[in-house]
Amino acid sequence: MASFLTLLFPLLAIITVGPKTVAKAAPDVTYISALCGPKTDPNPPELSDRVFQVTALAINFTSPDGFGSCSAVDTEPVVYGFGWCPNVVSQQDCTTCLQFAQNWVLNTLCKDVYGGQITLAGCFLRYETYKFCDA
Ligand SMILES: *[C@@H]1O[C@H](CO)[C@@H](O)[C@H](O)[C@H]1NC(C)=O
């Protein structure tokens, strides 16, 4: 019994250290594709705020379960957001991937456009000023 425990302890130590190493691994944010809606002119500032808010909501409510999550900011002008993490397993990686996607699509790829979607290897994020998902 004593020798079994001596064998078991180093093993448990390895198992405990294992997941921490995995959790530190970054999600796969390799760019796959993006689509932007038509440029809206003039750009109402409250719409940018809503687009940011709705994508933040989508990020907060999306879990890596294989299903996406639809969110809405439902005061006019209405904006819908949808997050999906089909290829990641941890909540942390899902959130990190979607935050990366949000930053990229809102600030660079589809800047000042109020409809956009981006597909990365680990996640998908879309937002529109019309109802494209059930919130
Ligand atoms: C998302 O979650 C963070 C952390 O809990 C929180 O600070 C933030 O207000 C949330 N954002 C939205 C839009 O709910």
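Residue numbering for the sequence shown is -25 to -1, 1 to 110, as defined by mature numbering (1 follows the signal peptide of the UniProt record, and there is no 0). Cβ coordinates follow ideal geometry from the N, Cα and C atoms, glycine included. In this text the structure is predicted, and so the values were computed from the model without any measurement.
Considering only their Cβ atoms, is the gap separating Pro19 from Thr61 smaller than 9 Å? Here residue 61 refers to the residue found at position 86 of the sequence shown. Here residue 19 refers to the residue found at position 44 of the sequence shown. First, the amino acid is wrong: residue 61 is Pro here, not Thr. Contact flag unset, no.
So is the beta-carbon of Ala31 under 8 Å away from any non-hydrogen atom of ligand 1? Residue numbering aside, residue 31 sits at position 56 when the sequence shown is read from its first letter. Flag set: Cβ of Ala31 near ligand 1.
Going by C-alpha distance, which of Asp40, Ser46, Gly56 and Phe107 is nearest Gln66? Residue 66 sits at position 91 when you count from the first residue of the sequence shown. The candidate whose alpha carbon is nearest that of Gln66 is Asp40.
Examine the Cβ distances between the segment 79 to 93 and the segment 31 to 45 and report whether three or more of them are shorter than 8 Å. Here the segment 79 to 93 does not lie against the segment 31 to 45, with fewer than 3 beta-carbon pairs under 8 Å apart.
Cβ separation of Ala33 and Gly56, assumed to be a contact under 8 Å, to the nearest whole Å: Within the sequence shown, numbered from 1, the residue matching residue 33 stands at position 58. Within the sequence shown, numbered from 1, the residue matching residue 56 stands at position 81. Contact between Ala33 and Gly56 is confirmed by a C-beta separation of about 4 Å, below the 8 Å threshold.
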